[in-house]
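All remarks here apply to the structure that follows.
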Amino acid sequence: MDLEPGRPVFLEELVQAPSQYVEKTVRVTGTLHSYNPTTDRAELVDNQYLLIIDTQLLGIQQYHNGQTYQFIGTIASTSKNKVAQPENLFDDAQFSLEIVLKARVLKLADGLDMAVYRKSVDALRQLTQSTE
């Protein structure tokens, strides 16, 4: 089985158009909002957008709420399996229960300037669109 590289995607893109990314390999970056080792479930936030992540394939890892992480994995539809509401929601949280990221790679990204990261991803997208 060939694994695709994770295409950088922002959480708001996933939340606003979840069905567009089903079965696609993506790389998401954000702050860990919560982690439940019993259910192997993490919640990643960026601004007010929240994504539920299935961490089962990652094995035993140390997670720390408030740290910045990058996850690479495949977006799966939750149409057949009900997903519980996110835990400890903040007031203006926006999320989708239609998808979950089945993570296969985890990277601690503390110290990453998210504003610069956004600009670099946007520049990369413009460059790849102009060469296609």
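The sequence shown begins at 172 in this note's numbering and counts up one residue at a time. Just so you know, even glycine gets a beta-carbon here, dropped at the ideal spot from N, CA and C.
Selection from the options that minimises the alpha carbon distance to residue i
i, options, result
"residue 231", "300, 286, 206, 179", "206"
"residue 227", "177, 248, 294, 271", "271"
"residue 181", "193, 221, 213, 273", "221"
"residue 192", "278, 255, 282, 273", "273"
"residue 196", "244, 276, 282", "244"
"residue 211", "224, 238, 300, 217", "224"
"residue 237", "194, 248, 281", "281"
Endpoints, beta strand (DSSP E) assigned at residue i
i, result
"residue 222", "220 to 225"
"residue 204", "196 to 207"
"residue 274", "270 to 279"
"residue 216", "212 to 217"
Residue i - containing alpha helix (DSSP H), residue span
i, result
"residue 250", "Element bounds for residue 250: n/a, residue is neither H nor E."
"residue 186", "182 to 187"
"residue 286", "285 to 302"
Burial state of residue i, where buried means 16 or more other Cβ atoms lie within 10 Å
i, result
"residue 261", "exposed"
"residue 291", "exposed"
"residue 199", "buried"
"residue 213", "buried"
"residue 217", "buried"
"residue 241", "buried"
"residue 186", "buried"
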